[in-house]
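To keep things clear, I will list the structure first and then write my remarks on it.
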């Protein structure tokens, strides 16, 4: 039988204790509960109205058909098709990136126009492009591309393997600029290293 832990009583309702708050959250597992709820509802207030998937699709369509022309001026149906194809690919691909050459051939657009469309998608917050360096080339798809709204992965039954990483990018970009790791594989191996020599030294090696 698993015993439930009883939290100590606060001496005053006005007592401020970060440790107590952290302990309470851990015991109640609220963060995990809210995170699971967020996956299916996102942060858009209309989720309480029902038909969340349909309303989210309407937002996506409005963004592509109305916001993009506002930034680019004249766009063709083919250009709009390219952007919808990018969104569809990111929804279902296990690897959060795109093959520029392949998509250019498939849709019959030049690279310069393709990158212009991709940059516009970033500007209207349809996608988040993760870049490796602070100084980028004029045209770049970055190291990874994520949908700006991670909830789309669950709402549209896409590849949920990228959801957590998309959420981290979504959350951290509100704090400041973030960049992809230069050597992600090595960093992932390091994070998984259980060597005792590194314990307690996180501040020195970040």
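Residue numbers (my numbering): 1216 to 1421.
Ideal Cβ positions, reconstructed from N, Cα and C, are used throughout, including at glycine.
Please read these numbers as outputs of a predicted model, since none were measured by experiment.
Query, Result
"Spatial neighbours of residue 1262 in its chain, beta-carbon cut-off 6 Å, leaving aside the 5 residues before and after", "1256"
"For residue 1361, the three-state DSSP class (helix, strand or coil)", "strand"
"Coarse secondary structure for residue 1342, derived from DSSP in three states", "strand"
"C-beta atoms of residue 1355 and residue 1344 nearer than 9 Å", "yes"
"Cβ neighbours of residue 1346 in the same chain (closer than 8 Å, five flanking residues each side left out)", "1355, 1357, 1358, 1394 and 1395"
"Test item: CB-CB of residue 1274 and residue 1305 under 9 Å", "no"
"Short Cβ contact (9 Å threshold) for residue 1259 with residue 1250", "no"
"6 Å Cβ shell around residue 1271 - same chain, five flanking residues per side excluded", "1370"
"Assumed close pair residue 1374, residue 1307 - CB separation to whole angstroms, cut-off 8 Å", "5 Å"
"Straight-line gap, residue 1283 to residue 1325 (C-alpha atoms, nearest Å)", "18 Å"
"Cα-Cα separation, residue 1384 to residue 1312", "14 Å"
"As assigned by DSSP and simplified to three states, the class of residue 1308", "coil"
"Cβ-based burial, residue 1418 [other Cβ within 10 Å; buried from 16]", "The pLDDT assigned to residue 1418 is 30, lower than 50, so where the model puts this residue is not dependable; a value taken from the coordinates is nonetheless given after this. Looking at its Cβ environment, which holds fewer than 16 other Cβ atoms inside 10 Å, residue 1418 is exposed."
"Reduced DSSP category for residue 1402 - H, G, I as helix; E, B as strand; rest coil", "Here the model assigns residue 1402 a pLDDT of 48, short of 50, so the residue's position is not dependable, and the following value carries that caveat. It is helical."
"Check whether residue 1290 and residue 1322 have beta carbons under 9 Å apart", "no"
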